[in-house]
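S.K.: Residue numbers (the numbering used here): 575 to 881. The C-beta atom is built at its ideal place from N, Cα and C for all residues, glycine as well. Owing to the predicted nature of the structure, the values given are computational and were not obtained by experimental measurement. Below is one structure. I have some questions about it.
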C-alpha cells in the first residue's frame with residue numbers, strides 16, 4: 575500500500591463534505607436528503623482512482639457493518655444515464671454492504687456538476703481511507719487540481735496552493751505525485767507493488783509510453799528495479815534526444831540481480847549479443863559453443879592419437 579495519509583484535520587471535514595439533514599419519509603426533496611438506496615441502483619464514478627479490494631481492511635469493515643450498520647452515509651448524485659445514482663463516496667461501504675448481505679445503503683443525494691463531484695469524491699476518499707496507494711494519491715491530486723482549475727479558484731490562490739493547505743504536502747511533492755499519472759499502467763502497478771521506488775518512478779515518467787514499455791520489458795528480463803541514478807540517466811538521454819531501445823537495455827542491465835554462480839557471465843561478452851538477450855540466454859549460447867569446441871578438441875586429440 576501507499577504512504578499513510580495525513581490526519582483528519584489536513585482535509586475538509588466530513589461534516590463539510592456531507593452537509594445533510596436526515597429525512598424520515600425517504601423522499602428526495604433537497605440536495606441534502608439521506609435515503610436508503612438499493613445497492614443495484616448505485617454505480618461507481620466513470621473514473622474512480624480509489625481501489626475497492628476484498629482485503630483485511632474490508633473484512634473489518636464488513637464486520638462493523640454487520641454489527642452497527644453503515645455509520646456514515648455515502649454521497650451520490652443522479653446518474654447521467656437517467657437511472658440510479660453515481661456513488662462518489664462510499665464505494666467501499668457499498669461493497670461491505672454486499673458482503674454483509676444488505677440490500678440498501680444510506681446515501682446523501684446531491685445535484686452537482688462534474689467538477690464539484692470530482693472534488694467531493696477526492697476529499698471524502700482522502701479523509702476516510704486509512705492508507706492510499708501511490709497511484710490513488712497521484713490521481714486524486716491530479717483530478718482535484720484539474721477540477722479546481724475548471725471551477726476557478728477564489729481569490730489569488732492556485733489550485734496547488736489549496737492542495738498544499740489541505741494535505742500538508744509541499745508544492746514540489748504534489749507535482750511529483752501527479753507526474754506518476756504519466757506512467758504506463760505496468761510501471762504504475764510496479765510502484766504500488768513496491769517493485770519500483772517512488773523517486774526513480776518520477777524520473778521515468780518523463781519517458782514516452784513506448785520507452786516506458788521498454789523499461790518494463792527490461793525490468794522483467796533482468797529481474798531488477800531501476801535505481802535513481804539509472805532513471806535520471808534515462809531521463810537525461812530522453813531530454814537530449816539520444817535515448818534508444820538499446821541504451822535502455824544497456825543501462826538497466828548494469829544492475830543485475832544476485833544469480834547462481836553457474837549463471838554468471840562476464841560483461842566482456844555482452845557486446846557480442848543483442849541488447850535484449852538475458853544473462854541466461856547468453857550463458858546458453860556460450861555453453862553451447864563451448865560444448866561444440868570441446869567436442870571438436872576431443873575429436874582432434876583422438877585423431878592425433880590414432881595418427
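Looking only at C-alpha atoms, which of 674, 752 and 739 sits nearest to residue 716?
M.R.: The option with the nearest alpha carbon to residue 716 is 752.
S.K.: What number of angstroms, rounded off, separates the C-alpha of residue 689 from the C-alpha of residue 714?
M.R.: Going from the Cα of residue 689 to the Cα of residue 714 covers about 13 Å.
S.K.: Assuming residue 665 and residue 626 make a contact with CB atoms under 8 Å, what is their CB distance in whole Å?
M.R.: Going by Cβ atoms, the distance from residue 665 to residue 626 rounds to 5 Å, so yes, they are a contact pair.
S.K.: Quickly, what does DSSP pair residue 609 with across the bridge? List them, please.
M.R.: 681, per the DSSP bridge assignment.
S.K.: Helix, strand or coil: which one does DSSP assign to residue 771?
M.R.: It is coil, neither helix nor strand.
S.K.: Decide if residue 684 is buried, meaning its Cβ has at least 16 other Cβ atoms within 10 Å, or exposed.
M.R.: With 16 or more other Cβ atoms within 10 Å, it is buried.
S.K.: In angstroms with no decimal places, state the Cα-to-Cα distance between residue 768 and residue 709.
M.R.: Each residue's Cα considered, the two are about 12 Å apart.
S.K.: Runs of 4 residues minimum, wholly inside the region 683 to 761: which ones carry the alpha helix (DSSP H) assignment?
M.R.: For the region 683 to 761, whole alpha helix (DSSP H) runs of length 4 or above, ordered along the chain, are 688 to 702, 708 to 725, 733 to 741 and 745 to 753.
S.K.: Drop a sphere of 10 angstroms on the beta-carbon of residue 835, count the other beta-carbons inside from all chains shown, and report buried for 16 or more, exposed for fewer.
M.R.: Note that residue 835 scores 40 on pLDDT, short of 50, meaning its location in the model is unreliable and no value can be drawn from it.
S.K.: Going by beta carbon distance, what residues of the same chain come within less than 7 Å of residue 613, once the five residues before and after it are set aside?
M.R.: Correct list, in chain order: 668, 671, 672, 677, 678 and 679.
S.K.: Kindly list the residues whose CB is nearer than 6 Å to the CB of residue 866, restricted to its own chain and excluding five residues on each side of it in sequence; keep chain order.
M.R.: Nothing meets the Cβ criterion.
S.K.: In three-state terms, what does DSSP make of residue 648?
M.R.: The answer is strand: DSSP assigns residue 648 an E or B state.
S.K.: Report yes if the C-beta distance between residue 812 and residue 852 is below 9 Å; otherwise report no.
M.R.: No; because the gap between Cβ atoms is not below 9 Å, this pair is not in contact.
S.K.: How is the beta strand (DSSP E) around residue 660 delimited, first residue to last?
M.R.: 659 to 663 is the extent of the beta strand (DSSP E) around residue 660.
S.K.: Hey, residue 712 and residue 681 are a contact pair by Cβ (cut 8 Å); roughly how many whole angstroms apart?
M.R.: Wrong, their Cβ atoms sit about 28 Å apart, outside the cutoff.
S.K.: Tell me the DSSP secondary structure of residue 616 in three-state form.
M.R.: Correct three-state label for residue 616: strand.
S.K.: Suppose contacts are defined by Cβ-Cβ distances below 9 Å. Is residue 636 in contact with residue 674 by that definition?
M.R.: Yes, the pair counts as a contact, with Cβ atoms nearer than the cut-off.
S.K.: State the Cα-Cα distance for the pair residue 807 and residue 775, rounded to the nearest angstrom.
M.R.: C-alpha separation (whole angstroms): 13 Å.
S.K.: Once the 5 residues before and after residue 795 are set aside, which same chain residues still bring their CB inside 7 Å of it?
M.R.: 850 and 852.
S.K.: Would residue 745 and residue 778 qualify as a contact pair, given that the criterion is a beta-carbon distance under 9 Å?
M.R.: No, the Cβ-Cβ distance between residue 745 and residue 778 is not below 9 Å.
S.K.: Answer with buried or exposed for residue 634, where buried requires no fewer than 16 other C-beta atoms within 10 angstroms of its C-beta.
M.R.: With fewer than 16 Cβ atoms within 10 Å of its Cβ, residue 634 is classed as exposed.
S.K.: On a Cα-Cα basis, can you pick out the residue from 657, 792 and 790 that is closest to residue 615?
M.R.: Looking at the Cα atoms, 657 is the closest of the given residues.
S.K.: In whole angstroms, what is the alpha-carbon distance linking residue 857 and residue 823?
M.R.: Cα to Cα, the separation comes out at about 17 Å.
S.K.: What residue range is occupied by the uninterrupted alpha helix (DSSP H) comprising residue 622?
M.R.: Taken as a continuous stretch (DSSP letters only), residue 622 belongs to no alpha helix (DSSP H), as it is neither H nor E.
S.K.: Cβ of residue 684 within 8 Å of any heavy atom in the ligand ATP?
M.R.: Among the ligands in the structure shown, none appear at all, so the ligand ATP cannot be discussed.
S.K.: How many whole angstroms separate the CB atoms of residue 786 and residue 761, which I take to be in contact at a CB cut-off of 8 Å?
M.R.: Contact flag correct, Cβ pair sits at about 6 Å.
S.K.: Measure from the alpha carbon of residue 815 to the alpha carbon of each residue in 780, 863 and 755, then state which is nearest.
M.R.: Measuring from the Cα of residue 815, the nearest candidate turns out to be 780.
S.K.: Could you check if residue 648 is buried or exposed, using at least 16 other CB atoms within 10 Å of its CB as the buried criterion?
M.R.: Result: buried.
S.K.: Count the other CB atoms, across all protein chains shown, that sit within 10 Å of the CB of residue 861; report buried if there are 16 or more and exposed otherwise.
M.R.: Result: exposed.
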